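Note sheet for the following structure.
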Amino acid sequence: MNRKFIKTAMAVVIAGLAGGAVADGRIEGKVNATEKGIALQGAKIRIAELNREAVSQRDGRFVFLDVKPGNYTLITSYIGADDIKRAVIVQDQKTTRENFQLTGVSGLVENIIVIGQVAGINKALNKQRSADNIITAVSADAIGQFPDTNVSESLQRLPGLSIERDQGEGRYVRVRGMGPDFNAVTINGVGVPGPDADRRAVALDVIPSDLLENLTVTKSLTPDMDANSLGGSIDVQSLSAFDRDGFFYQLTAEGSFDENTENTSPKIAATASNQFSLGDDENNLGVAFGISSFKREFGSDNVETGGAWNFDEGALLEELEQRDYRITRERSGITLNLDYKPNDNTDLYWRNLYSEYTDAEIRLANVIEFEDAVAEGEVGSAEVQRELKDRTETQKILSTSLGGQTRLDKWTLDYRAAYSKSGEDEPQNIAGAVFKIDDDVIADEVFDLSYGNNRKIHINAPAEFYQSTSYKLDEVELSSTNTNDESTAFNLDFTRDLELGNKPAQIKFGAKHSAREKDNDVEVWIAEDFTGDTSLSTFSGGAVDYKHGQFGSSINAAQVKAAVTDAEWDKEESSIGDYVVTEDTSAAYVMGRVDINAWRILTGVRYENTEFTAQGNSYDADSGEVSATSFENSDDYFLPALHIRYSINDKTQVRAAWTNSVVRPGFAELSPGRLIEEDDGDIAAEFGNPNLKSLESSNIDLGIEHFPGVASVISAFAFYKSIDNFVYQTDLGGTAGYEGFDEAVTYVNGNKADILGVEFSASKQFTSLPSPWDGLLIGGNATFVDSSAEIGGYDDSEFIARDIPMPSQSDVSANFMLGYESDVMSMRLSANYKSNYLIEVSDPMDAVKDTYVDDQMQLDFSLRYYLSDSIKLHFEALNLTDEVYYSYVKDANYNSQYESYGATYKLGITFMHF
C-alpha cells in the first residue's frame, strides 16, 4: 500500500471523526410487503413538512438522521403498492421507529409486489426511480421469468444492453455500444477481475443466474464509484437473509434438451436463508446459502472462411473450413452470506460467491486451401487437412468481502475489505492434431473441389475426400495455459446529512486502495515424428453428424494423444505469452447532494492514481534467444461529475448527468511479449505496447422517466461519449524507431472516438382491462447508437487514416416482451434483436477486410404454472427460430463464419417456502 494512499486515508478518517455534534432525533424503520414479509428496496419515504426523502435499502431499512424534535408526517411511495401516510413524533436524542407493511394497489392481486414477473418489474422500477444516478435493474423474480442460463443472458433484456455469445450461449455484455472490455463488473459491490488471459472483460456465463437476488447496471457513475467503465458498471448481488423475513428456501430441478445433438442435460439449484437471534436482540443474524450445478451437452455446426476472399479479380475464395463442435459445459456455483446487526447503529456482513465453469470442447475440422483462388461453382485443386482440437478449460471466480456500516450521530461510516480472484486453467491438451493427405494413397496430394453458396458454403468433393484412408497423421501440438488474476481492495466512506439554507443536503467522502496482479503462463509442445500406423483410419470413429453436408469420420482424441511419444518444447510460443502485470490504484473522492424543491443535485470529483508494472519476454527467432522485458508507469486522473434529477411529480422525473471515466487497455494490448523474426533479410516484429495511455471518456446523459402505474414505465434517454486514446492495432514498420523493420505490428492510441445514442423503454400491465385480460403485460426497449473512431496505418511512411464504428457496437439493439400473469400461471414470449456490428479489423487501411457479425434476432418462450403456493412447474424454449451466428467481410454475401445451434427446451419443477 503506497504512502500516498495512507496519507489520503488518514486525512479522510480525521475529517470524518471531526464532525461529532449532538444529534437531534432520528427516524428509522423498514418497508416490507404484507405478504411473505419480503423486504422492499427502492421505496421512497418522505417527511412532508421538511421535504426530506429517504430510500429503503435492500433489507427494507430506511433512516433519517438529525431530525429536529416535532410532529411530522411520513409518506411512502412504491410502484405497485398503495401509499401510506402516518403521523410521527420526534423527540430530542431519541429514535422514532416506524415500520411499513405495503399491500398491492387496491383491487389488484396481492402478488404484484411479492412474486412473479409483475413483482419483478415493480422491484426494478422502484430501484431505478429512487436512484440518484441513471441505472437499470432486474430482480431475481424477473430473472426467473426468462429462459436464461447465466447472468449475461439475463442482462440482454435490459435497455442499452446486448451480449456476445459463445456457441450460442451468452458470455460477454455490451453496454450502450461499448464492448465488454470497457465495462466493469462487481459482485456485491466488489470489483471482479476477468478470468481470460488477454481481456479485461468478465465472462458472465461463469456465474449461474440461480444464485442472484438483483442485477444493477449503472450507466452514469457517481464519484464514490470506481471510474473503470466507459459504458456501464454491472453489479451482481447474491442472496441475503434480510431480503425477506423468516425461513426461506427454494429448490429447482430441471432437464434440458438440445435439438442439435439430441442430448439431455440435468440441472439442480437450491437457495435458503433464515434469521436467528443472538443475545438479547431478535433476528439480528442472517444466514443465506445457495448452490447451483448445471451440466449441458450440446454442439454446433460451422463453416467458415475467416475472411479469406480475394476481391481483386471478383470474389474468389482462397480457403475455408468445415467445423463440427461437441461441447460439454458444467456451470456450478455456491454463495454464503452472513449479516449481523450487533446493535441498532451497526450492520456487519460477510459476502461470498464462488463459481466454476468447465468447458470441454472437441472440434473436428476439414481445412481446405485452394492452390488458386476460385469462384463459386468453379473446380479447383485444393490441399486438405483433417484436424482435431480437444481441450478442457476451467474458469473460476471467487469474491469475498467483509464490511459494514456504523451510524454515529450525524455521520454514517461504511467500511469494507475485499478479495477477488479469477483464473483460467487449461491443462495439457491437443491444441491441434493435423492429418494431411497421404501421398501413398492420393498421389497428387490434392483434391479437385468446388463450392456453392457464398454465405452458407457447401462443398462438392470426390468420395476419397471423406475416406479416412486418404489421410495420415502429420503433426500434433500440445499446449497448456494457466492464468490468475487477483485483486484486494480496502475502502472507507463517510456520509453526513445536513441542511444548506433549510434545504436537505448530504456530503460524502472517502478513500479506496486496490491492488491487482495478473499472470499468464503458456507451454507448447510439438510432435512430428510418429511410429506405427499413422493412417487416420487408425484413429477414426463413426461418421460425424454434420448439419451442413457430408463431413467424414470422427477422430479419437485419446488414441491421438497416445501416439505422441516424443514432443519437443516450443521455446517461442512458450515464452512470448508469459507475463506478470500489476496495477495498484489509490483513489479519494468528495461529493455533495442537495434537494432544492423538486430538484436533486449531486456533484463531486474523484481522484485516481494507478501504478502499473509489466514483466514479460522478448524472443528473437533468428538467434533463438529469450530476454526479459519490463515496464512501469504511473497515471493520475481527476474525474468530476454532475447529476441532476428534477421531479415533475411523483410519477415523472427528468435526469441529466455529466461524468468522466477511465479504462486501462486490454492485457493483450499491454502485453510486454515481443517476437522478432527474420526471413531473407526481412525483419518482422509483433509485440504489445505497455506504454499505451488509458482510454478516457467524457459522458453526457439526458432523459425522462414516467411511471404511470403497476409494472409500467415510459422512458427516453439520449447519451454522448467522447473517448480519448482509443486503442487499435497497426503496423509501424518503416516509421521512426522501426526503420529497419518491414513489419512491426503493435497497438497504438488513436486520437478520439465518439458515441451518440438514444434508448427507449416501455412496459405496461393492463390492469384497467376486465378479467382475465387484466393480466396482460407488454414491454419493450430499443437503443439506437452511432459511433466513429479513427484508425490508420503507414504506407511508405505516410499515415493513412479512416473511420470505423466502435468494435462490438450494434447500431440497433431491441427487446420485445408479451406476457400474461394470473394467480396460477405466468408466461412470456421474448424477442431479442441486435443489428450487425464490427467484430474485427484485419487491416487498418483496408475496410474490405473488416469482419462484421450479421443481424441476430432470437425468440424465447417461458411458462410458469403454480401447482400450489409452494410448487411451481416451468417450461422454457430458447432460440425457437433457430437463429444462427453469421459473420462476413465486404458485405453479407461473403462468409467469414456461419454457425448453427438449433433450439433448446427445458422442463423443471421448483419447490419454495417463504
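Note that this note's numbering has the sequence shown beginning at 1, numbered continuously upward.
Beta carbons: idealized from backbone N, C-alpha and C, even for Gly.
Keep in mind that this is a model prediction, so the values were computed, not measured.
{"Item": "Ser810 in three-state terms, based on DSSP", "Value": "coil"}
{"Item": "Range covered by the beta strand (DSSP E) that runs through Val626", "Value": "625-649"}
{"Item": "C-beta neighbour in chain D for Asn609, strict 8 Å", "Value": "Within the model displayed, chain D is absent; a lone protein chain is all it includes."}
{"Item": "Coil, strand or helix - Ile574 by DSSP", "Value": "A small correction: the amino acid at residue 574 is Ser; Ile does not occupy that position in the sequence shown. Reduced to three states, the DSSP call for Ser574 is helix."}
{"Item": "Collapsed DSSP secondary structure at Phe760 in the structure displayed", "Value": "strand"}
{"Item": "Endpoints, alpha helix (DSSP H) assigned at Gly666", "Value": "That residue, Gly666, is in no alpha helix (DSSP H); it is neither H nor E in DSSP."}
{"Item": "Ala557 (DSSP reduced to helix, strand or coil)", "Value": "helix"}
{"Item": "Nearest residue (CA-CA) to Pro462, options Glu49, Gly552, Leu769", "Value": "Gly552"}
{"Item": "Of the residues Phe289, Phe276, His458, Asn284, the one placed nearest Ala270, counting alpha carbons only", "Value": "Phe289"}
{"Item": "Distance between beta carbons of Asn633 and Phe612, contact taken as under 8 Å", "Value": "5 Å"}
{"Item": "Beta-carbon proximity list for Val920, same chain, < 6 Å, skipping 5 on both sides", "Value": "Since the first residue shown for the chain is 1 and the last is 914, residue 920 is missing from the structure and cannot be characterised."}
{"Item": "Ala39 versus Ala511 - alpha carbon distance", "Value": "30 Å"}
{"Item": "Exposed unless 16 or more other CB atoms sit within 10 angstroms - verdict on Pro208", "Value": "buried"}
{"Item": "Reduced DSSP category for Lys127 - H, G, I as helix; E, B as strand; rest coil", "Value": "helix"}
{"Item": "Span of the beta strand (DSSP E) around Ala527", "Value": "503-527"}
{"Item": "DSSP bridge partner residues for Val206 (one or two, in chain order)", "Value": "The partner list for Val206 (beta bridge, DSSP) is empty, contrary to what the question assumes."}
{"Item": "Rounded C-alpha distance that separates Val192 from Arg326", "Value": "30 Å"}
{"Item": "Sub-8 Å separation of Ile987 and Tyr471 beta-carbons", "Value": "The question about residue 987 has no answer, for the chain in this structure spans 1 to 914."}
{"Item": "Nearest to Thr904 (by Cα), restricted to the options Asp731, Gln856, Asn260", "Value": "Asn260"}
{"Item": "Cβ neighbours of Gln550 in the same chain (closer than 7 Å, five flanking residues each side left out)", "Value": "Tyr466"}
{"Item": "Which of helix, strand or coil DSSP assigns to Ile327", "Value": "strand"}
{"Item": "Distance between beta carbons of Glu371 and Ala382, contact taken as under 8 Å", "Value": "7 Å"}
{"Item": "Coarse secondary structure for Pro180, derived from DSSP in three states", "Value": "helix"}
{"Item": "Residue burial classification, Phe276 (beta-carbon count within 10 angstroms, cutoff 16)", "Value": "exposed"}
{"Item": "Reference Ser797, options Glu743, Ser479, Ala684, closest by Cα", "Value": "Glu743"}
{"Item": "Nearest-angstrom Cα separation, counted from Asn343 out to Asp281", "Value": "8 Å"}
{"Item": "C-alpha distance - Ser355 paired with Met845, whole-angstrom precision", "Value": "42 Å"}
{"Item": "Beta-carbon proximity list for Trp658, same chain, < 6 Å, skipping 5 on both sides", "Value": "Leu642, Ile700"}
{"Item": "Beta-carbon gap between Ala201 and Asp181 smaller than 8 Å", "Value": "yes"}
{"Item": "Minimum C-alpha distance to Asp485 - residue among Glu583, Ser422, Leu74, Gly179", "Value": "Ser422"}
{"Item": "Residue from Ala892, Phe494, Arg864, Asp860 with nearest C-alpha to Asp882", "Value": "Asp860"}
{"Item": "For Val22, the three-state DSSP class (helix, strand or coil)", "Value": "For Val22, the predicted structure reports a pLDDT of 44, less than 50, and the residue's modelled location is therefore unreliable. A value from the coordinates is still provided. Three-state result, Val22: coil."}
{"Item": "Whether Ala241 touches Asp339 by CB criterion (8 Å)", "Value": "yes"}
{"Item": "Strand pairing of Ile362, partner residues [DSSP]", "Value": "Arg326, Asp390"}
{"Item": "Integer Cβ distance of Ser229 from Ser661, believed to fall under 8 Å", "Value": "6 Å"}
{"Item": "His513 burial status per 10 Å Cβ neighbour count (16 or more: buried)", "Value": "buried"}
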